[in-house]
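Number of protein chains: 2
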Amino acid sequence: MNNIFIIGVGLIGGSFALDIKTLYPTCTVFGIDNSEKHIEEAIQLKVVDQSANFEDLGKADLVIVAIPVDATLAVLPKVLDFVSDQTIVFDAGSTKEDICDVVRTHPKRRNFLAVHPIAGTEHSGPKAAIRNLFKSKTNIICEVEETAFKLQEKALKLFADLGMRIRYMNPKAHDKHIAYVSHLSHISAFMLGKTVIDKEQNERDIFDMAGSGFASTVRLAKSSPAMWAPIFKQNKSNVIETLDEYIDNLKHFKQLMEDSDFQAVYDEMEKTNHIKDILNGIQ
Amino acid sequence: MNNIFIIGVGLIGGSFALDIKTLYPTCTVFGIDNSEKHIEEAIQLKVVDQSANFEDLGKADLVIVAIPVDATLAVLPKVLDFVSDQTIVFDAGSTKEDICDVVRTHPKRRNFLAVHPIAGTEHSGPKAAIRNLFKSKTNIICEVEETAFKLQEKALKLFADLGMRIRYMNPKAHDKHIAYVSHLSHISAFMLGKTVIDKEQNERDIFDMAGSGFASTVRLAKSSPAMWAPIFKQNKSNVIETLDEYIDNLKHFKQLMEDSDFQAVYDEMEKTNHIKDILNGIQ
Numbered sequence: 001m002n003n004i005f006i007i008g009v010g011l012i013g014g015s016f017a018l019d020i021k022t023l024y025p026t027c028t029v030f031g032i033d034n035s036e037k038h039i040e041e042a043i044q045l046k047v048v049d050q051s052a053n054f055e056d057l058g059k060a061d062l063v064i065v066a067i068p069v070d071a072t073l074a075v076l077p078k079v080l081d082f083v084s085d086q087t088i089v090f091d092a093g094s095t096k097e098d099i100c101d102v103v104r105t106h107p108k109r110r111n112f113l114a115v116h117p118i119a120g121t122e123h124s125g126p127k128a129a130i131r132n133l134f135k136s137k138t139n140i141i142c143e144v145e146e147t148a149f150k151l152q153e154k155a156l157k158l159f160a161d162l163g164m165r166i167r168y169m170n171p172k173a174h175d176k177h178i179a180y181v182s183h184l185s186h187i188s189a190f191m192l193g194k195t196v197i198d199k200e201q202n203e204r205d206i207f208d209m210a211g212s213g214f215a216s217t218v219r220l221a222k223s224s225p226a227m228w229a230p231i232f233k234q235n236k237s238n239v240i241e242t243l244d245e246y247i248d249n250l251k252h253f254k255q256l257m258e259d260s261d262f263q264a265v266y267d268e269m270e271k272t273n274h275i276k277d278i279l280n281g282i283q
Numbered sequence: 001m002n003n004i005f006i007i008g009v010g011l012i013g014g015s016f017a018l019d020i021k022t023l024y025p026t027c028t029v030f031g032i033d034n035s036e037k038h039i040e041e042a043i044q045l046k047v048v049d050q051s052a053n054f055e056d057l058g059k060a061d062l063v064i065v066a067i068p069v070d071a072t073l074a075v076l077p078k079v080l081d082f083v084s085d086q087t088i089v090f091d092a093g094s095t096k097e098d099i100c101d102v103v104r105t106h107p108k109r110r111n112f113l114a115v116h117p118i119a120g121t122e123h124s125g126p127k128a129a130i131r132n133l134f135k136s137k138t139n140i141i142c143e144v145e146e147t148a149f150k151l152q153e154k155a156l157k158l159f160a161d162l163g164m165r166i167r168y169m170n171p172k173a174h175d176k177h178i179a180y181v182s183h184l185s186h187i188s189a190f191m192l193g194k195t196v197i198d199k200e201q202n203e204r205d206i207f208d209m210a211g212s213g214f215a216s217t218v219r220l221a222k223s224s225p226a227m228w229a230p231i232f233k234q235n236k237s238n239v240i241e242t243l244d245e246y247i248d249n250l251k252h253f254k255q256l257m258e259d260s261d262f263q264a265v266y267d268e269m270e271k272t273n274h275i276k277d278i279l280n281g282i283q
């Protein structure tokens, strides 16, 4: 691979760029971003080598589309219009159904691989790019059979070099399950942050009392709204389903407390405690 | 200080013991615990020097009561019955109103300091005890004026040696605010864990998709139900208030999604984003 294009030089695109430059030192990494400031920052931080335009995509061996999922719906077909038959293009979006749909009948559909690397932090922008972000992380690939075999191989080689483990899934199942293990966590954190901040407007001392438990639980409330609002829009029905279940569970817990049934409160927590074993596999 | 008694040799009591043994190497640290196994473990791990009984408390210079808050209500008056006039006793419970109430008219009330160190992890038992757990952490002291001045000084010296920063508060305000910044976070994490685990019973692959964001948000769901059920019981009305507000915020967010008002969804998150600045002060 000689010419690698990163569309969206933020946390995800920038972190891919940094590792790619280490793995394939002879390649040139081009950055495309609609923020001139981000491109300049990315070049200055040596996240990418140089700036580029869509017209340059013809010479690309690999294109990574790492922008908010609403922008992906507009940009991805345009990228496929520009690339050559030998180019592999993959996205990194947290939704897969709408993205797969938008290129379903594109003449270059077989140049595209639908990818969701389960990796990230709550930070954003080129400064948030870090090395080894993808190491040992799960990478979900959807509709792999729709991608040309020879081009799949190029992407899979990169994922293997990055140390990722691959899971294959259909876009519908991806969007349904990711709503539970990722999208709901973000709403839970944002609303926890909101609940406490609303209180704090009158009670300035409250955050002095906050410890590392609170910090951990609301960490995701630092995430970028520009990234997350489009995800919730594209995964609306699944996310609403998880919210319904979450709200029901909270109401049930509250009812047990109102009934002063603290044995049942204990049991609720005890039943969930085995999340320990589940989480051991994650961190 | 020569003889220091730790009642409850778990995460909090054990962590105090470890630091105290480093700070005051000539003292003897005695452990009292209703679990014989925990006492043996604590001695083996050199968390405490030896086992003791309530009858030995007469020789104590300092007693730390670090047990679930329901047990504290029963044990604390008994401890005060046994100690000498020169002994300072403090607790470490996450509720303060009921605990202050139970000793309000005790003849040795002035030997007691009501304390809540904002420190801990999601682990429990003697094995969870770690050094420097309290360093740079907030320590909330309630009703300080009810404690004999000379005895306060002993405890404050220890907290200063541990590197803690002190905040004074009345028990009512403590319980109200801590419900927001600590108790609610735990319920939010437990119910998030429950929501996802309930789903997982049918969908085994779901946790393969979970990343560090999910792990961080549900971390507190590993916490001990034996510690937390009594906290929720003692802080029932405050916790129910926070749950009401949290559930209302989640329902409002869901409503915005149902209305497809994703600009408002964006704004909700954007308004909460400044939690960044608030959290910078915590971790």
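Chains Y and V, in that order, give the protein sequences. Position one of the first sequence corresponds to residue 1 (the UniProt record's numbering), numbered consecutively onward. Position one of the second sequence corresponds to residue 1 (the UniProt record's numbering), numbered consecutively onward. C-beta atoms are modelled at their ideal positions from N, C-alpha and C, and glycine is treated no differently. As the structure is a prediction and not an experimental result, all values here were calculated from the model.
Taking the continuous alpha helix (DSSP H) assigned at residue i, which residues delimit it?
{"i": "Pro-73/Y", "result": "Looking at the sequence itself, residue 73/Y is Leu, so the reference to Pro does not match. 69-82 is the extent of the alpha helix (DSSP H) around Leu-73/Y."}
{"i": "Ala-17/Y", "result": "11-23"}
{"i": "residue 315/Y", "result": "For chain Y, the structure presents residues 1 to 283; residue 315/Y sits outside this window and is missing."}
{"i": "Met-257/V", "result": "236-258"}
{"i": "Met-169/Y", "result": "No alpha helix (DSSP H) contains Met-169/Y, which is instead part of the beta strand (DSSP E) from 165-169."}
{"i": "Ile-130/Y", "result": "No alpha helix (DSSP H) contains Ile-130/Y, which DSSP labels as neither H nor E."}
{"i": "Asp-101/Y", "result": "97-102"}
{"i": "Tyr-266/V", "result": "262-272"}
{"i": "Thr-155/V", "result": "Thr is not the amino acid found at residue 155/V; the sequence shown has Ala there. Its alpha helix (DSSP H) spans residues 149-162."}
{"i": "Ala-215/Y", "result": "212-218"}
{"i": "Lys-199/Y", "result": "184-200"}
{"i": "Lys-37/Y", "result": "36-44"}
{"i": "Ile-275/V", "result": "275-280"}
For residue i, does the count of other Cβ atoms within 10 angstroms reach 16, so buried, or fall short, so exposed?
{"i": "His-274/V", "result": "exposed"}
{"i": "Ala-160/V", "result": "exposed"}
{"i": "Phe-149/Y", "result": "exposed"}
{"i": "Leu-184/Y", "result": "buried"}
{"i": "Glu-145/Y", "result": "exposed"}
{"i": "Asp-261/Y", "result": "exposed"}
{"i": "Ser-136/Y", "result": "exposed"}
{"i": "Thr-95/Y", "result": "buried"}
{"i": "Asp-277/Y", "result": "exposed"}
{"i": "Asn-249/V", "result": "buried"}
{"i": "Gly-58/Y", "result": "exposed"}
{"i": "Lys-157/Y", "result": "exposed"}
{"i": "Ser-15/Y", "result": "buried"}
{"i": "Ser-223/Y", "result": "buried"}
{"i": "Asp-91/Y", "result": "buried"}
{"i": "Glu-36/V", "result": "exposed"}
{"i": "Ala-199/Y", "result": "Note that residue 199/Y is Lys in the sequence shown, not Ala. When all chains shown are included, Lys-199/Y counts as buried."}
{"i": "Gln-234/V", "result": "buried"}
{"i": "Asn-53/Y", "result": "exposed"}
{"i": "Glu-55/Y", "result": "exposed"}
Bridge partners for residue i per DSSP, in chain order?
{"i": "Ala-114/Y", "result": "Cys-142/Y"}
{"i": "Gly-31/Y", "result": "Ile-6/Y, Ser-51/Y"}
{"i": "Leu-62/V", "result": "Ile-4/V, Ile-88/V"}
If residue i sits next to residue j, beta carbons under 8 angstroms apart, how far is it from one beta carbon to the other, in whole angstroms?
{"i": "Ile-140/V", "j": "His-174/V", "result": "6 angstroms"}
{"i": "Ala-189/Y", "j": "Arg-219/Y", "result": "7 angstroms"}
{"i": "Ile-7/V", "j": "Val-79/V", "result": "7 angstroms"}
{"i": "Ile-20/Y", "j": "Val-29/Y", "result": "6 angstroms"}
{"i": "Val-181/V", "j": "Val-196/Y", "result": "6 angstroms"}
{"i": "Lys-12/Y", "j": "Ala-66/Y", "result": "For the record, residue 12/Y in the displayed sequence is Ile; it is not Lys. Indeed, because the Cβ distance is near 4 angstroms, the residues count as touching under 8 angstroms."}
{"i": "Pro-77/Y", "j": "Val-103/Y", "result": "6 angstroms"}
{"i": "Pro-230/Y", "j": "Val-47/Y", "result": "The Cβ separation is near 23 angstroms, so there is no contact."}
{"i": "Met-191/V", "j": "Tyr-246/Y", "result": "6 angstroms"}
{"i": "Ser-216/V", "j": "Ser-216/Y", "result": "5 angstroms"}
{"i": "Gly-93/Y", "j": "Phe-134/Y", "result": "No, Gly-93/Y and Phe-134/Y are not in contact; Cβ-Cβ is about 15 angstroms, not under 8 angstroms."}
{"i": "Thr-138/V", "j": "Ile-99/V", "result": "Incorrect: roughly 18 angstroms between the Cβ atoms, too far for contact."}
{"i": "Ile-187/Y", "j": "Leu-243/Y", "result": "7 angstroms"}
{"i": "Asn-111/Y", "j": "Leu-62/Y", "result": "The pair is not a contact, with the Cβ atoms about 11 angstroms apart (cut-off 8 angstroms)."}
Hey, could you find the ends of the beta strand (DSSP E) residue i is sitting in?
{"i": "Asp-91/Y", "result": "88-91"}
Which chain C residues are close to residue i, counting only those with a beta carbon under 8 angstroms from its beta carbon?
{"i": "Phe-262/V", "result": "No chain C is part of this structure, whose protein chains are labelled Y and V."}
Confirm the yes/no value for this check: CB of residue i, any heavy atom of the ligand ADP, distance under 7 angstroms.
{"i": "Ala-92/Y", "result": "Inclusion of the ligand ADP in the displayed structure is not the case, the ligand content being empty and no account of it being possible."}
- Message: Is it the case that the region 250-270 of chain V contacts the region 202-217 of chain Y, given that we only count it when at least three CB pairs across the two stretches are under 8 angstroms?
- Response: Segments in contact, no.
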